[in-house]
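As structure tokens, the structure follows; a few thoughts come after it.
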Amino acid sequence: MRFNSFGTLAGLGLAMLSGVASEPVLWCYAQYSDKIDTSIDYSRCTNVLVAFGIPKPDATIKIEAEDKLQDFVKTVQDQGPKVSVSLGGWTGSGNFSTLIKNEENREKFIDRIVDLIKSKNLDGIDLDWEYPGRDGNCNVFDKDNDTKNYLEFLRLLRKTLTEKFPDSSKLVTMAVWVQPFDGPDGPTSDMSEFANLTDFAFLMQYDYTTSSAEHSGPNSPLDFEEGKGTRSFRTAIKAWTDAKWPRDQLVAGFAFYGRSSKLDIEGDEVPTSQYQKQSKTEFPKGDEEDEVEEDACTGTKRFSGAWRWKHLLHDGVLKDPLTANEPWVRQFDNITKTPWLFNKETKVFITYDDPESIKEKARVVNEEGLAGGMMWSIDMDKDNVLTDAMKENLKGSSKN
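In case it helps, mature numbering (1 follows the signal peptide of the UniProt record, and there is no 0) puts the sequence shown at residues -22 to -1, 1 to 378.
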């Protein structure tokens, strides 16, 4: 998952909902640091996943404000949820390929994971290696061997956790891209062995269009408009279920943020389509938390353009969840089932999700019989508006 990078958004604050219609389960990723919002009510969650632990070349795991992590874990657990730590992320996955490439490295890495679970009293571990077998954020990767090595790593991880924690079943989950892991011949056609070794896979069904693209478009389209893309929320589900991933272990991803760009258009008219030419020289700042960062691949420095849901409301872009403030104009696309905003004065465009689009996605999740939904991220919500939209509309069919 990518957050303050030019192409996409995600560090990882996540919530997953599943279970029966009357009481859906919520998994909540928390973007952990010493600045984490202590007012978040985690009692709404059944599980909280702390993002991120960064695997280093020597297999150690670096976590910001680690000295305070155990207290944070206890605070959350005292409210009811189980807690896992998520390893990797968009900028933190660079060492996975090396750490799992042979038995010696796997054992060393797993020893560190076991130590982390023990020392912080965790209920599980989440693996956020988004692109096995392909380049992510200029990561080291092995197209021929990453996926098969990952499977061997998971076999040893599951075996070790069972041996080390005989009295409790530790959760093993994965955050995954919109298509199955790559091998020598492209995406893997049978992911069932991975499913047998893990509890859930969290689909990252967002970051489809960024400010680097030629034209603007939806961050997380339910469906794509013909001629305007080939991937969507729905196609991601099909890709994984076609690869034999069980529906009751598949969790759909919901974005609690938007992406902005400057449109390269003339005149004063408000566009009626979200597909417009984007500026290649101007990259607007997103919300108040958006900062200039350097792209690991190109060395280019610029804003990500990210807008967290809470700031769309707090900073006056939105008057209420479904109404824009002047000079912003809100429109809703009936194919992608997503809202978008346009500023008549600055020509800035924002693609995002709101309660209306979340309801549409939840309907598809229910129709597909998935375990539930995942949000990136709970700390981006305001007054639980989007969390409640998920909870009220998702049914879920989780195996747990």
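Glycine residues also receive a C-beta, built at the ideal position from the N, C-alpha and C atoms. Treat the numbers as computed from the prediction; the structure is a model and nothing was measured.
When the beta-carbon positions are compared, W287 and V363 come within less than 9 Å of each other. Secondary structure of F211 (DSSP, three-state): helix.
Taking all protein chains shown into account, S75 has 16 or more neighbouring C-beta atoms within 10 Å of its C-beta and is therefore buried. Classified as exposed, K255 has fewer than 16 neighbouring CB atoms from the shown chains inside 10 Å of its CB.
Under the three-state reduction of DSSP, S239 is assigned to strand. If you look at W287, you'll find it isn't in any beta strand (DSSP E); it sits in the alpha helix (DSSP H) that goes W287 to H292. Taking the Cα positions, T16 is about 43 Å away from S167. Rounded to the nearest angstrom, the gap between the Cα atoms of D106 and K297 is 35 Å. Ranked by how close their Cα comes to the Cα of S251, the residues D185, W318, K222 and R212 have W318 in first place.
Where T329 is concerned, the enclosing beta strand (DSSP E) starts and stops at V326 to T329. E346 and Y109 have their C-alpha atoms roughly 25 Å apart. Measuring C-alpha to C-alpha distances from P35 to each of D56, L348, G66 and T365 identifies G66 as the nearest. Take the alpha-carbon of C23 and the one of G58: they are about 8 Å apart.
Nearest to R280 by C-alpha distance, out of G294, P262, L290 and V295, is P262. When the alpha-carbon of V118 is set against those of L77, T188, N344 and A179, the nearest one is in L77. Taking a contact to require three or more Cβ pairs closer than 8 Å, the segment 267 to 275 and the segment 173 to 187 do not qualify as touching. Going by DSSP, K297 is part of the beta strand (DSSP E) stretching over L296 to D298. A buried status is given to L132, since no fewer than 16 other beta-carbon atoms sit within 10 Å of its beta-carbon. For the pair S257 and S239, the CB atoms are nearer than the 9 Å cut-off. According to the DSSP secondary-structure assignment, G66 is paired through a beta bridge with D106. Note on geometry: alpha-carbon atoms of A43 and L27 lie some 15 Å from one another. Counting of Cβ neighbours within 10 angstroms places Q227 among the buried residues, the total reaching 16 or more. If one requires a minimum length of 4 residues, the alpha helix (DSSP H) runs lying completely within the segment 110 to 191 are 124 to 142 and 170 to 175, in chain order. In the three-state scheme derived from DSSP, where H, G and I count as helix and E and B as strand, L228 is classed as strand. Between the alpha carbons of K121 and S71 lies a gap of roughly 15 Å. In this structure, the beta-carbon distance from M352 to W5 falls below 9 Å. Rounded to whole angstroms, N371 and S335 show a C-alpha spacing of 11 Å.
Beyond the five residues adjoining it in sequence on each side, D332 comes within less than 6 Å, by CB distance, of P299 and P317 in the same chain, given in chain order.
Taking a contact to require three or more Cβ pairs closer than 8 Å, the segment 128 to 148 and the segment 79 to 90 qualify as touching.
In this structure, the CA atom of S146 is about 54 Å from the CA atom of E304. Assignment of L364 by DSSP, reduced to helix, strand and coil, places it in the helix class.
Between the alpha carbons of V342 and K369 lies a gap of roughly 14 Å. The alpha carbon of K360 has as its nearest neighbour, out of N127, G245, D293 and L100, the alpha carbon of D293. The alpha-carbon of E260 is positioned some 14 Å away from that of H193. Annotation for N25: the continuous beta strand (DSSP E) segment containing it runs N25 to P33.
In the DSSP assignment, R308 falls within the unbroken beta strand (DSSP E) covering W306 to D311.
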